[in-house]
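Residue numbers (this note's numbering): 6 to 224. Report on the structure given below.
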């Protein structure tokens, strides 16, 4: 009987450890977060306020991304006539155009215009399709390479990562940098992969997949 109790206890401990590991991986265990000021880092504000709402573009973009994250749209990858999915649906690229919309920009129009006038650099497009082109990570990466400030891909250069920055991961994912940071000063990422917490400490997990880091400086 004693041996059976020991075995059951060990099994329960293992199960508990697995559950904790899963909860931690999904960022469902509350963690203390930090801000740039905790590390003596100046938070850069954009000189632009495109929508004239009294909030600079960088902050507006970050807040727009956070709003989409808090709205928790159902992750659904589909083709929509007119381009835009319903407000309660979206993928990683939808979080980005919604973030830009919060700053007053139509990312769809900007991307469509750039594709129409520079099709040769968008090598994965044979025939432009405004219904979907702005919702492809590859196309957004090309657009930002051409129209935004390119920055470091090294997450350990913590002062170079600012709220509202755009980051791409290979050609399959994209997100917006938060104003929250972990204990090392590495920023949180606001993104959508259908995960339960969409503003989270995952930049270290994805560090080797970072393919671009950009800052939008307006039109």
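Heads up, the beta-carbon is just placed ideally off N, CA and C, and yes, glycines get one too. A quick note: this is a predicted structure, and the numbers were derived from the prediction, not measured.
Spatial neighbours of residue i in its chain, beta-carbon cut-off 7 Å, leaving aside the 5 residues before and after
{"i": "residue 211", "result": "174"}
{"i": "residue 85", "result": "136"}
{"i": "residue 110", "result": "55"}
{"i": "residue 94", "result": "78, 79, 81"}
{"i": "residue 164", "result": "46"}
{"i": "residue 201", "result": "31, 33"}
{"i": "residue 215", "result": "158, 172, 174"}
{"i": "residue 232", "result": "No answer is possible for residue 232: the residues shown for the chain start at 6 and end at 224."}
{"i": "residue 121", "result": "133"}
Assigned exposure category for residue i - 16 Cβ within 10 Å defines buried
{"i": "residue 129", "result": "exposed"}
{"i": "residue 184", "result": "buried"}
{"i": "residue 20", "result": "exposed"}
{"i": "residue 188", "result": "exposed"}
{"i": "residue 15", "result": "exposed"}
{"i": "residue 67", "result": "buried"}
{"i": "residue 182", "result": "buried"}
{"i": "residue 119", "result": "buried"}
{"i": "residue 58", "result": "exposed"}
Cβ shell of residue i (< 6 Å), same chain only, five flanking positions each side left out
{"i": "residue 176", "result": "142, 143"}
{"i": "residue 196", "result": "97, 180"}
{"i": "residue 65", "result": "107, 108"}
{"i": "residue 273", "result": "Any answer about residue 273 is impossible in this case: the structure gives the chain only from 6 up to 224."}
{"i": "residue 44", "result": "190"}
Proximal residues to residue i (C-beta, below 8 Å), its chain only, five neighbours per side dropped
{"i": "residue 217", "result": "146, 149, 150, 155, 158, 171, 172, 173"}
{"i": "residue 39", "result": "185, 186, 187, 188, 190"}
{"i": "residue 123", "result": "151"}
Cβ separation of residue i and residue j, assumed to be a contact under 8 Å, to the nearest whole Å
{"i": "residue 223", "j": "residue 62", "result": "6 Å"}
{"i": "residue 48", "j": "residue 167", "result": "7 Å"}
{"i": "residue 73", "j": "residue 103", "result": "5 Å"}
{"i": "residue 101", "j": "residue 112", "result": "7 Å"}
{"i": "residue 71", "j": "residue 204", "result": "6 Å"}
Endpoints, the alpha helix (DSSP H) within which residue i is located
{"i": "residue 116", "result": "112–122"}
{"i": "residue 184", "result": "First-last for residue 184: 178–186, but that is the beta strand (DSSP E), not the alpha helix (DSSP H)."}
{"i": "residue 126", "result": "Taken as a continuous stretch (DSSP letters only), residue 126 belongs to no alpha helix (DSSP H), as it is neither H nor E."}
{"i": "residue 141", "result": "Segment: none, residue 141 is in no alpha helix (DSSP H) and carries neither H nor E."}
{"i": "residue 65", "result": "62–76"}
{"i": "residue 53", "result": "Residue 53 -> no alpha helix (DSSP H), and no H or E assigned at all."}
Option in the options with minimal Cα separation from residue i
{"i": "residue 117", "options": "133, 102, 50, 76", "result": "133"}
{"i": "residue 247", "options": "36, 59, 140", "result": "Outside the shown range of the chain (6 to 224) lies residue 247, about which nothing can therefore be said."}
{"i": "residue 153", "options": "43, 35, 51, 41", "result": "51"}
{"i": "residue 36", "options": "199, 219, 193, 198", "result": "193"}
{"i": "residue 221", "options": "199, 115, 131", "result": "115"}
{"i": "residue 199", "options": "75, 89, 69", "result": "75"}
{"i": "residue 169", "options": "22, 131, 60, 90", "result": "60"}
Host beta strand (DSSP E) of residue i (start-end)
{"i": "residue 193", "result": "192–195"}
{"i": "residue 172", "result": "171–174"}
{"i": "residue 219", "result": "215–220"}
Cβ of residue i within 9 Å of any chain D Cβ
{"i": "residue 217", "result": "Here there is only one protein chain, and chain D is not present."}
Cβ-heavy atom distance, residue i to the ligand NAD, below 8 Å
{"i": "residue 173", "result": "This structure does not include the ligand NAD; it has no bound ligands of any sort."}
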